[in-house]
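Q:
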Amino acid sequence: MTITKKLLTSAVASALLVGGAQAEISDNTVKIGYLADMSGTYRDLAGPNGLTALEMAVADFGGKVNGAKIEIVSADDRNSPDSSSSTVRRWVENEDVDLVAGLVASSVTIAVSNILEESNKLGIVSGSAASSITNEHCTPNHIHYVYDTYPLANGTASAVVKEGGKTWFILTADYAFGHALEGDVTRVVEENGGEVIQTVRHPFPTSDFSSFILQAQSSGADVVALANAGADTTNAITTAGEFGLTQSGQTLAALLLFLTDVHALGAQSAQGIQLTTGWYWDMNDETREWSDRFMEETGVRPTMVHAGIYSSTIQYLNAVKATGSDDSQTVRKQMMDTPINDMFAKNGIIREDGRMVHDMYLAEVKTPEESKNEWDLYDIVRTIPGDEAYRPLSESKCKLVTQN
Amino acid sequence: MTEILGVPVAVLSGQLMLGVINGAFYALLSLGLAVIFGLLKIINFAHGAMYMLGAMGTVLLFDAFGVNYWVALFLAPVIVGCFGIVLEYFLLRRIAGQDHIYSLLLTFGIALILQGVLTNIYGVSGLRYSMPEVFRGGMNLGFMFLPYYRAWVIVAALLVCFGTWFMIEKTRLGSYLRAGTEDSQLMQGFGINVPLLISLTYGFGVMLAAFAGALAAPIYSVSPVMGSNILIVVFAVVVIGGMGSIAGAVITGLMMGVVEGFTKVFYPEGSAAVIFLVMVVVLLIRPSGLFGKEA
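Read top to bottom, the protein sequences are chains A and B.
Counted from 1, the first sequence has number 242 at position 242 by UniProt numbering; the numbering is strictly sequential.
Counted from 1, the second sequence has number 260 at position 260 by UniProt numbering; the numbering is strictly sequential.
1) Between which residues of its own chain and residue 490/A is the CB-CB distance below 7 Å, once the five residues before and five after are set aside?
2) Could you check the C-alpha separation between Leu-254/B and Val-161/A for me, to the nearest Å?
3) What is the rounded straight-line gap between the Cα of Met-56/B and the Cα of Pro-339/A?
4) For Ile-154/B versus Ala-24/B, is the C-beta distance shorter than 8 Å?
5) List the residues of chain B whose Cβ lies closer than 7 Å to the Cβ of residue 458/A, in chain order.
6) Looking at C-beta atoms only, is the number of pairs between the stretch 265-274 of chain B and the stretch 21-40 of chain B that lie closer than 8 Å three or more?
7) Sort Phe-108/B, Ala-27/B, Phe-74/B and Tyr-129/B by Cα distance to Asp-63/B and report the nearest one.
8) In this structure, what does DSSP give as the bridge partners for Asn-140/B?
9) Determine the chain C residues that contact Ser-210/A at a beta-carbon separation under 8 Å, and present them in chain order.
10) Nearest chain A C-beta to Ile-110/B closer than 8 Å, yes or no?
11) Just to confirm the assignment: which complete alpha helix (DSSP H) runs, minimum length 4, are found wholly within the stretch 132-195 of chain A?
12) Does DSSP classify Val-222/B as helix, strand or coil?
13) With DSSP run on the structure shown, which of helix, strand or coil describes Gly-33/A?
14) If we ignore side chains and look at the alpha-carbon of each, how far apart do residue 415/A and Glu-163/A end up?
15) Out of Asp-222/A, Gly-308/A and Val-262/A, state which residue places its alpha-carbon closest to the alpha-carbon of Ile-237/A.
16) Rounded to whole angstroms, how far is the Cβ of Ala-176/A from the Cβ of Ala-227/A, which I believe are closer than 8 Å?
17) Taking the alpha-carbon of Gly-290/A as reference, which of Ser-132/A, Ser-311/A, Trp-375/A and Asp-184/A has the nearest alpha-carbon?
18) Give, in chain order, every unbroken run of the alpha helix (DSSP H) that is at least 4 residues long and sits entirely within the stretch 182-268 of chain B.
19) Let me know the secondary structure DSSP gives Met-17/B once reduced to three states.
20) What are the complete beta strand (DSSP E) segments, minimum 3 residues, inside the stretch 62-103 of chain A?
21) Going along chain A, which residues have a C-beta under 8 Å from Asn-229/B?
22) Please state whether DSSP places Val-381/A in a helix, a strand or coil.
23) Does the contact criterion of 3 or more C-beta pairs under 8 Å hold for the stretch 225-243 of chain B versus the stretch 197-211 of chain A?
24) For Leu-181/A, does the count of other Cβ atoms within 10 angstroms reach 16, so buried, or fall short, so exposed?
25) Compare the beta carbon distance of Thr-260/A and Thr-303/A with 8 Å and say whether it is the shorter of the two.
26) For Gln-198/A, which residues does DSSP report across the bridge?
27) Compare the C-beta of Thr-303/A with all C-beta atoms of chain B and state if any pair is closer than 8 Å.
28) Assign Cys-82/B to buried or exposed, taking buried as 16 or more other Cβ atoms, counted over all protein chains shown, within 10 Å of its Cβ.
29) Given a cut-off of 8 Å on the beta-carbon distance, is the pair Ala-75/A and Thr-313/A in contact?
30) On the DSSP letters alone, give me the boundaries of the alpha helix (DSSP H) that Ile-124/A sits inside.
31) Name the chain B residues whose beta carbon is nearer than 8 Å to that of Val-200/A?
32) Counting only C-beta atoms, is Asp-261/A closer than 8 Å to chain B at any point?
33) Tell me whether Glu-55/A is buried or exposed, calling it buried when 16 or more other Cβ atoms sit within 10 Å of its Cβ.
34) Please state if the CB of Met-360/A and the CB of Ile-384/A are separated by a distance shorter than 8 Å.
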């Protein structure tokens, strides 16, 4: 399809949709509900600072779009699908919330997306990991913006195998997210000619990893991969350092690490670890400029989730501005038709399954000598093009994708 | 190489060693709980929070005042101990003599408040605390690499446990304590200040928890939520050992560390549950615990 033809079709389509929604902003207010873990395990990677990122986006937009006021409400998801569902139900049914942003724990996101579909409101997911959110759990009412488990495995595991890490020991958090990641990693390792010789599933959460690290050492595997998150990962990395795992020639690969985790570990313990990230604050002038502003507000450097919340909110408001509507399908269509070019992503495209496809980055944690300050932590070693990083539509199980 | 159930003996020896190290933490924590329960009949659900305060205190003392590891190992528990005395004096004392459930709820509430306030200030990712210089590295035992710090944990924990047992069971102060809780009116009649004794005991019990926290700071992720996970396990240890039994708490702590360590090799998925399984079995066979006196 040529570009003009595509533009024409989308123009007609949006005209129809806009007509249906009367091209109006309901109650002359655009209301955004921010739902995230504000007090538990995932607080630091999104949490209160994510709300600040959202407020920055609204402030940058002048607090108004097409004359309509932009309002923000927020709530703690308590990592509970049940309590989050009742919050979101209240928001969309009684408080006219148009967009739900944040969305961290995968279980919460999946529960909330069902309510959004029923009530035909929009959700933009910035924190969750599970790739199933835009696969078997996809809906026409949400967009998954920052990253998912598919590129995490693709980026880190394939890079490590190519560097010669042929035999793998996988240490997995014993719950849905860990199992999914373990599955993705095993697939990538085997596709690249490597072999998984042992997997050990640890209870979630675990504070003492010494026993598992000792098992990893005696397995003799080239690579010890951590398919867990948060405090489990940082604890495992600290213990690996203490027991001299990398000194004895094994490579440590953490599959999901946020900047806040690496910061908590420090360059001394985390040096040399390879990880995949959707964004890093110190990549170019644009990212640095925004991060400086973020740091002035919060005192810390932003994670990829914080940056994603800011970027996606701006994209959303732009779409509301362009269509003059806050109807979820009109706005989603407009967002899908507009490539994302900002400090977060270049040529980012939102696909019909709701996946925002953009370049991912393979990073290596700097040594204490290379690191100039406490947040100077990553060296970007490779850019993974979006098409290569994310699950191709041809493998999709999403109901919105028509397979040829 | 010799093998047991398909696992080389060398690997098992390593796991045994690690089990004893983890057991040392359990022993220290359950010792404090046992002292508090045995002498005050308080079910101290704030014990995990006190462990967390000990670890956070060690890190914050270093960050704010540059206090080194050795001083913090002494200072953090003392500060937390004083805090415990304040809690006992202003709060716990008011519900003395009530049903156990009141002290349980009160201490649990205190734990949640401490955890919430500190999470708000410091977040949950964990604070950084570097290993003291003298403990960097380790020794090769042939069957495993033993970091020096882990060896120190065993020594320090066992010394403190033995000291506590000796003080309570073998000294005059200990006999006052035991007598004071047995019949406080009679003791007061002898001119001994029993309320003071009780405050000091609670302070000492939480001090042991804070000491375990300070000991944990260089090897575990130090965050406001670190105490909530370990608390339930430690309660199970105390129940297995027999509520209130001092020596029982220490021996059971070490044993459970080893049991958990071996489970991590043979069936890792079950390692979080194994201690509770032991608890169920022990309660069925010996309801007062392995070392508890039959009621």
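In this text, a Cβ means the ideal position worked out from N, Cα and C, and glycines have one as well.
A: Reading off the structure:
1) Residue 490/A falls outside the range modelled here, since chain A spans only 1 to 404, and no answer is possible.
2) On the second sequence, position 254 is the one that residue 254/B refers to. On the first sequence, position 161 is the one that residue 161/A refers to. Separation of Leu-254/B and Val-161/A (C-alpha to C-alpha, rounded to the nearest whole angstrom) is 41 Å.
3) In the second sequence, the residue the question calls residue 56/B occupies position 56. In the first sequence, the residue the question calls residue 339/A occupies position 339. Rounded to whole angstroms, Met-56/B to Pro-339/A spans 46 Å at the Cα level.
4) As a first step, residue 154/B must be located in the second sequence, where it is residue number 154. As a first step, residue 24/B must be located in the second sequence, where it is residue number 24. Yes, these two residues count as a Cβ contact at 8 Å.
5) Any property of residue 458/A remains undetermined from this structure, which presents chain A solely from 1 to 404.
6) By the C-beta criterion, the stretch 265-274 of chain B is judged not to be in contact with the stretch 21-40 of chain B, since fewer than 3 inter-stretch pairs fall below 8 Å.
7) The residue given as residue 63/B occupies position 63 in the second sequence. Check the Cα spacing between Asp-63/B and each of Phe-108/B, Ala-27/B, Phe-74/B and Tyr-129/B: the tightest is with Tyr-129/B.
8) In the second sequence, the residue the question calls residue 140/B occupies position 140. Residue pairing for Asn-140/B: DSSP places it in a beta bridge opposite Phe-145/B.
9) Absent from the structure: chain C. Protein chains present are A and B.
10) As a working note, residue 110/B is residue 110 in the second sequence. It does not; no Cβ of chain A falls within 8 Å.
11) Correct list: 149-152, 158-162 and 176-191.
12) Here residue 222/B refers to the residue found at position 222 when the second sequence is read from its first residue. Strand at Val-222/B.
13) Here residue 33/A refers to the residue found at position 33 when the first sequence is read from its first residue. Per DSSP, reduced to three states, the secondary structure at Gly-33/A is strand.
14) Because chain A here runs from 1 to 404, residue 415/A falls outside it and cannot be looked at.
15) In the first sequence, counting from the first residue as 1, residue 237/A sits at position 237. Among Asp-222/A, Gly-308/A and Val-262/A, the Cα nearest to that of Ile-237/A belongs to Val-262/A.
16) Position 176 of the first sequence, counted from the start, is the residue given in the question as residue 176/A. Position 227 of the first sequence, counted from the start, is the residue given in the question as residue 227/A. With 8 Å as the limit, Ala-176/A and Ala-227/A do not qualify as a contact, their Cβ atoms being about 12 Å apart.
17) Mapped onto the first sequence, residue 290/A falls at position 290. Looking at the sequence provided, one finds Trp at residue 290/A rather than Gly. Per the C-alpha coordinates, the member of Ser-132/A, Ser-311/A, Trp-375/A and Asp-184/A positioned closest to Trp-290/A is Ser-311/A.
18) Whole alpha helix (DSSP H) segments, 4+ residues: 184-189, 194-216, 226-241 and 246-266.
19) Here residue 17/B refers to the residue found at position 17 of the second sequence. In the three-state scheme derived from DSSP, where H, G and I count as helix and E and B as strand, Met-17/B is classed as helix.
20) Those beta strand (DSSP E) runs which fall completely within the stretch 62-103 of chain A and span 3+ residues are 68-76 and 99-102.
21) On the second sequence, position 229 is the one that residue 229/B refers to. Ordered by position in chain A, the residues that pass the 8 Å Cβ test against Asn-229/B are Pro-205 and Ser-207.
22) Within the first sequence, residue 381/A is the residue found at index 381, counting from 1. Three-state result, Val-381/A: strand.
23) Counting Cβ pairs under 8 Å, three or more are found: they touch.
24) As a position in the first sequence, residue 181/A is number 181, starting the count at 1. Classification of Leu-181/A: buried, given that the 10 Å Cβ count is 16 or more.
25) Position 260 of the first sequence holds residue 260/A. Position 303 of the first sequence holds residue 303/A. Contact: yes.
26) Along the first sequence, one-based indexing puts residue 198/A at 198. Note: Gln-198/A sits in a beta bridge opposite Phe-169/A.
27) As a first step, residue 303/A is located in the first sequence; it is residue number 303 there, counting from the start. By this cut-off, Thr-303/A is not an interface position.
28) For the purposes of this step, residue 82/B is taken as the residue at position 82 of the second sequence. So Cys-82/B counts as exposed.
29) Within the first sequence, numbered from 1, the residue matching residue 75/A stands at position 75. Within the first sequence, numbered from 1, the residue matching residue 313/A stands at position 313. No, the pair does not count as a contact, with Cβ atoms beyond the cut-off.
30) On the first sequence, position 124 is the one that residue 124/A refers to. Taken as a continuous stretch (DSSP letters only), Ile-124/A belongs to no alpha helix (DSSP H), being part of the beta strand (DSSP E) at 122-125.
31) On the first sequence, position 200 is the one that residue 200/A refers to. Going along chain B in sequence order, the residues near Val-200/A (Cβ under 8 Å) are Pro-268.
32) For the purposes of this step, residue 261/A is taken as the residue at position 261 of the first sequence. By this cut-off, Asp-261/A is an interface position.
33) Looking up residue 55/A in the first sequence gives position 55. Buried: at least 16 other Cβ atoms inside 10 Å.
34) As a first step, residue 384/A is located in the first sequence; it is residue number 384 there, counting from the start. As a first step, residue 360/A is located in the first sequence; it is residue number 360 there, counting from the start. The Cβ atoms of Ile-384/A and Met-360/A lie closer than 8 Å to each other.
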